[in-house]
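A short worksheet on the structure shown next.
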Amino acid sequence: MGVFVLFMLATLFIPLHYKMYDIQQERKHALHASATMLEAVKQHGIATTGTHIIDGISYHWRLEGQQICVRYTDKRPHERCVS
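Quick note: the sequence shown uses our numbering, first residue 1, plus one each step.
Encoded structure:
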């Protein structure tokens, strides 16, 4: 009976752990994209495009008028824009 309970706990909590880890990673990458946007704003007038590499992921930014967009790929492509 104890082995069955242990098996059930493992099969329930291990997938939950991986899902929580993925969510945390996505939030971390979104934070890094926001930091890249801040760096792009600091360089406004100097450059209109650039790349910022954090933890092995390239965050490509571009300024288009009053809009800043950052593209990056972790498990899938993302693009975040702010006006």
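Backbone N, C-alpha and C define an ideal beta-carbon position, used for all residues, glycine too. Since the structure is predicted, the reported quantities are computational estimates derived from the model, not experimental observations.
Extent of the continuous beta strand (DSSP E) to which residue i belongs
i	result
Thr-49	49-54
Residue i versus residue j: straight-line alpha-carbon distance, rounded
i	j	result
His-78	Lys-42	22 Å
Trp-61	Glu-39	9 Å
Thr-11	His-52	39 Å
Val-70	Gly-45	17 Å
Thr-102	Cys-81	Because the chain is modelled from 1 through 83, residue 102 falls outside the range shown and cannot be assessed.
Same chain, Cβ closer than 8 Å to residue i, five either side skipped, listed in chain order
i	result
His-29	Ile-57, Tyr-72, Asp-74 and His-78
Gln-25	Asp-74
Top-ranked residue by Cα proximity to residue i, from the options
i	options	result
Asp-22	Met-1, Arg-76, Val-5 and Cys-81	Arg-76
Q. Which runs of the alpha helix (DSSP H), 4 residues or longer, sit entirely within the region 3-67?
A. Listed in chain order, there is nothing to give.
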